[in-house]
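S.K.:
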Amino acid sequence: MDDTTFLLALSGMLFALGLVGVIVRRNLLVMLMFLELMLNGVILSLVVFTQMLGAEAGAVLVFLVFVVAAAEIAIAVPILLLLVRTGRTLDPGAYAGLKG
Amino acid sequence: MTIETVFLMVFALGSLTGAVAMFFLRHPMRVALALIGTMVSLAAIYAQLGMHVIAVFQVLVYVGAVMVFMIYAIMLLDVRDRSFTERFSPLLVAGLAGLLLLLGVLIDGLLRGQPFPAVDVPPDAFSVSTFAIVFMEQFWVYFALTAVLLLVAEIAASAVIDIRRRGQDVAAVRAERGDDHG
Numbered sequence: 128m129d130d131t132t133f134l135l136a137l138s139g140m141l142f143a144l145g146l147v148g149v150i151v152r153r154n155l156l157v158m159l160m161f162l163e164l165m166l167n168g169v170i171l172s173l174v175v176f177t178q179m180l181g182a183e184a185g186a187v188l189v190f191l192v193f194v195v196a197a198a199e200i201a202i203a204v205p206i207l208l209l210l211v212r213t214g215r216t217l218d219p220g221a222y223a224g225l226k227g
Numbered sequence: 584m585t586i587e588t589v590f591l592m593v594f595a596l597g598s599l600t601g602a603v604a605m606f607f608l609r610h611p612m613r614v615a616l617a618l619i620g621t622m623v624s625l626a627a628i629y630a631q632l633g634m635h636v637i638a639v640f641q642v643l644v645y646v647g648a649v650m651v652f653m654i655y656a657i658m659l660l661d662v663r664d665r666s667f668t669e670r671f672s673p674l675l676v677a678g679l680a681g682l683l684l685l686l687g688v689l690i691d692g693l694l695r696g697q698p699f700p701a702v703d704v705p706p707d708a709f710s711v712s713t714f715a716i717v718f719m720e721q722f723w724v725y726f727a728l729t730a731v732l733l734l735v736a737e738i739a740a741s742a743v744i745d746i747r748r749r750g751q752d753v754a755a756v757r758a759e760r761g762d763d764h765g
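Sequence lines, in order, name chains A and B. Heads up: the first sequence is residues 128 to 227, going by the working numbering. Heads up: the second sequence is residues 584 to 765, going by the working numbering.
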């Protein structure tokens, strides 16, 4: 197995672990961190392909993904704080009423 | 096996260990520290691949900004409720079965796939100066557009929070008036 295939396998494993973590963990903050893990897996594959093809546009795209990820957290954490202020719990099952 | 491959494997093992540890650690602070370990290992992999700009951004943006913000939130919300005592949801078995299925598909795809063709990449293709020139000459409009869209999203989130707070204030005033009349 060459380095590229090895890193793509690592990327897939990180994404799979992140996805399953979002499904099986019960804490909203931990679920948010598993979402970040999924995003890191995707970024790793993007970096590997960028390096393999020598495409500078890929590096710029990774930078834009970093910016969007930072903004996503800046919005998600205050929403979480508001939710906890209302419901006093980090258990997502307690917010099932948000389904409507 | 070259020394670069050995380092790559060491950092890959570090990132995978952090990701697996996130599953089993109970306290969100320890989960955050495991995620930081994973992110730093990934930054080392990027540096090993010659993508130094991305490695620096990974540490600056993810570890320095995103995770610090997350740790502040964890410190603010030290809630010891059901989500703390019971780590896993009832979907644990289904989730682990899904994980095995995903990993099986991944391994099958990688074993059956063709090896990737080698492309001749110049050694300074991803240096800081090359990245800066390409970024400022070709992609600054996209960055500006992203920044504007993110600003709109932030203002919208603030507006939602403000509307909610005003609604709560109005409800509190009405409740007080109701008490006075009663």
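For each residue, glycine too, the CB sits at the ideal point set by N, CA and C.
(1) In chain order, what residues of the same chain lie with their CB nearer than 7 Å to the CB of residue 636/B, ignoring the 5 residues before and after it?
(2) Kindly say whether residue 158/A, judged by its beta-carbon, lies nearer than 7 Å to any beta-carbon of chain B.
(3) Check whether chain B comes within 7 Å of residue 213/A, counting only Cβ atoms and requiring the distance to be less than that.
(4) Taking residue 607/B as the query, report the chain A residues whose CB atoms sit under 9 Å from its CB, ordered along the chain.
(5) With 7 Å as the threshold, decide whether the Cβ of residue 191/A is near any Cβ in chain B.
(6) With distances taken from CA atoms, which of 165/A, 161/A and 189/A is nearest residue 173/A?
(7) Nearest chain A C-beta to residue 707/B closer than 7 Å, yes or no?
(8) Is the CB of residue 673/B under 7 Å away from at least one CB in chain A?
(9) When DSSP labels each residue in this structure, what does residue 699/B get in the three-state scheme?
(10) Using DSSP's beta-bridge definition, name the partner residues of residue 152/A.
(11) Counting only the same chain and skipping the five closest in sequence on each side, list residues whose C-beta sits under 7 Å from that of residue 217/A.
(12) Can you give me, in chain order, the residues of the region 622 to 637 of chain B that have a beta carbon less than 8 Å from any beta carbon in chain A?
(13) Could you tell me which chain A residues have their CB closer than 9 Å to the CB of residue 670/B, listed as they occur along the chain?
(14) Using a Cβ cut-off of 9 Å, which residues of the region 651 to 666 of chain B contact any Cβ in chain A, in chain order?
(15) Among residues of its own chain, excluding the 5 on either side of residue 626/B, which ones have a beta-carbon nearer than 7 Å to its beta-carbon?
(16) Once the 5 residues before and after residue 699/B are set aside, which same chain residues still bring their CB inside 8 Å of it?
(17) Does residue 680/B pass the burial test, meaning 16 or more other C-beta atoms within 10 Å, or should it be called exposed?
(18) Would you say residue 203/A reaches chain B, if we count a Cβ-Cβ gap shorter than 7 Å as a contact?
(19) With a threshold of 8 Å, are at least 3 pairs of Cβ atoms found where one atom belongs to the region 686 to 696 of chain B and the other to the region 589 to 600 of chain B?
(20) Tell me, please, whether the CB atom of residue 729/B is closer than 7 Å to any CB atom in chain A?
(21) Residue 148/A touches chain B at which residues, Cβ-Cβ below 7 Å?
(22) Going straight from the alpha carbon of residue 147/A to that of residue 137/A, what length do you get?
M.R.: This is what the structure gives:
(1) 709, 711 and 714
(2) no
(3) no
(4) Ordered by position in chain A, no residue passes the 9 Å Cβ test against residue 607/B, which lies about 10 Å from the chain.
(5) yes
(6) 189/A
(7) no
(8) Taking Cβ atoms only, chain A never reaches closer than 7 Å to residue 673/B, which makes this a no.
(9) coil
(10) Among the bridge pairs identified by DSSP, residue 152/A is matched with 671/B.
(11) The residues are 154, 155, 156 and 211.
(12) 622, 625, 628, 629, 632, 633, 634, 636 and 637
(13) 151, 152, 153, 154 and 157
(14) 652, 653, 655, 656, 657, 659, 660, 662, 664, 665 and 666
(15) 638, 641 and 642
(16) none
(17) So residue 680/B counts as exposed.
(18) Between residue 203/A and chain B, the shortest Cβ-Cβ separation is not below 7 Å.
(19) no
(20) yes
(21) 605 and 606
(22) It is roughly 15 Å from the alpha-carbon of residue 147/A to the alpha-carbon of residue 137/A.
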